[in-house]
Amino acid sequence: MLQKILKGVAPVVALMMATGCNGNININGSDGVPLSELDLEGKSPTELVLAGPDNVVVTRGDALAIDVSGDQEAIDALRFTFDEETLGVMRENDWNDVDGTATVRVTLPRLDKLVLAGSGRAEVDLLDGDAEVTIAGSGTAETANVDTTSLEVTIAGSGTYRAAGRAEQLDLTIAGSGDARMDGLQVGRADVSIAGSGDAAFASDGRVEASIMGSGDVTVTGSAQCTISAMGSGSLNCRTGTASGEAPPSPPAAPAAPGAPEAPQAPDVR
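Residue numbers (the UniProt record's numbering): 1 to 270.
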């Protein structure tokens, strides 16, 4: 159980190690540049990293485009990084005295990975294919439409992820008090690991396996077959399915139909 949780939060640990003791963050070794100095030529990124307290709105479109709005101090403090895979949005070092927040609107052809570090907020209109969402801190991410073969969600801290749509496979890891509020997400199969008091909710008619250390709760709506391994008061609640250590028992065989009555003999006429 613990090994699964550690594996799930490994990307978050790597991101936190990029944060110095003074709270400054760099993305892929870069402190970033103002938007006016960012070179947007080349292949569009498929990963977005938001580090800091600002907001990002992602919309699917034909070409990469970035627009910013909000409080001017926050806009001036924004810094961006860009390579062929990752677009990073953060603030310049020593930004703690900056008031207000900024909103960054990003249009790109495809987004496969979303990473939040801090207290920011990200809204994504669509995730499809194989997608990953990682939240480290108290940030909030929301996906209006999920249509994925595989969706991997990792929350470390008190962050929140909201999603609706469908995913054939869901791999969810929560370490801390974060929440995965995915009541509108229909899942074919789910593997859930929680360490702490975090909660999760989604829908499924398939197989759901949950490993819980602590007081976290998982609520599944539908006719799922649910299996739980728990240490603590955590629970797996399958509202119309089963929650046990084994698969549900086979239904009893239907009783045999009664034999037809014998036809009466004709009277003896002489």
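Ideal Cβ placement from N, Cα and C applies to all residues, glycine included.
Contacts around residue i, its chain only, beta-carbon distance under 6 Å, and the 5 residues preceding and following it disregarded
i	result
Ala247	With a pLDDT of 36 at Ala247, under the threshold of 50, the modelled position of this residue cannot be trusted, and the question is left open.
Gly245	In this predicted model, Gly245 has a pLDDT of only 46, less than 50, meaning its place in the structure is not dependable; the value taken from the coordinates is given anyway. Nothing meets the Cβ criterion.
Thr221	Ala203 and Arg239
Thr59	Thr107 and Asp125
Asn237	Thr219
Gly88	Ile27, Val49 and Thr81
Glu92	Ala77 and Arg79
Ala230	Ile212
Own chain partners of residue i with C-beta closer than 8 Å, once the 5 adjacent residues on each side are dropped
i	result
Ser215	Gly196, Ser197, Gly232, Ser233 and Gly234
Gly206	Val187, Gly188, Arg189, Ala190, Ala224 and Gln225
Residue i versus the options, residue with shortest Cα-Cα distance
i	options	result
Asp125	Thr143, Ala77, Ser119 and Pro109	Thr143
Leu50	Asp128, Ile228 and Asp31	Asp31
Gly137	Arg121, Glu123 and Gly157	Gly157
Thr101	Thr148, Ser223, Asp71 and Val89	Asp71
Met182	Glu41, Val192 and Gly176	Val192
Gly42	Val146, Asp83 and Glu132	Asp83
Leu116	Thr154, Ala164 and Val208	Thr154
Asp179	Arg166, Leu185, Ala164 and Ala200	Ala200
Pro45	Gly165, Thr86 and Leu185	Thr86
Ile174	Leu114, Val68 and Ala210	Ala210
Leu38	Gly165, Ile66, Gly29 and Ala230	Ile66
Gly176	Leu185, Gly184 and Asp217	Asp217
Distance between residue j and residue i (C-alpha atoms, nearest Å)
i	j	result
Arg79	Leu48	13 Å
Pro251	Leu64	In this prediction, Pro251 scores a pLDDT of 48, lower than 50, which makes its location untrustworthy; no coordinate-derived value is stated.
Glu152	Asp112	10 Å
Pro34	Val56	16 Å
Ile212	Gln169	19 Å
Thr134	Ile75	24 Å
Asp97	Thr227	49 Å
Arg162	Asp94	31 Å
Asp171	Asp128	15 Å
Pro53	Val104	12 Å
Ala167	Pro109	20 Å
Val208	Glu73	47 Å
Ser36	Val68	11 Å
Gly29	Thr148	31 Å
Ile194	Leu114	20 Å
Val146	Leu185	8 Å
Gly165	Asp62	22 Å
Asp130	Glu123	18 Å
Alpha helix (DSSP H) segment containing residue i, residue limits
i	result
Ile75	Gln72 to Ala77
Residue i: first and last residue of the uninterrupted beta strand (DSSP E) it sits in
i	result
Arg121	Arg121 to Gly137
Ile174	Thr160 to Gly176
Asn145	Thr140 to Gly157
Lys113	Lys113 to Gly118
Asn55	Asn55 to Arg60
Arg91	Thr86 to Arg91
Asn237	Ser235 to Cys238
Arg105	Ala102 to Leu108
Leu40	Unbroken run through Leu40: none, as it is neither H nor E.
Val49	Glu47 to Ala51
Residues of its chain near residue i, where Cβ-Cβ distance is below 7 Å and the 5 sequence neighbours each way are ignored
i	result
Thr140	Arg121, Gly159 and Thr160
Leu40	Leu64 and Phe82
Gly118	Ala51, Gly52, Pro53, Gly137 and Gly139
Met90	Ile25, Ile27, Gly32, Ala51, Gly52 and Arg79
Exercise. Which ranges does the beta strand (DSSP E) cover as unbroken runs of at least 3 residues, wholly within the stretch 185-229, from first to last along the chain?
Worked result: Complete beta strand (DSSP E) runs here, min 3: 199-214 and 217-221.
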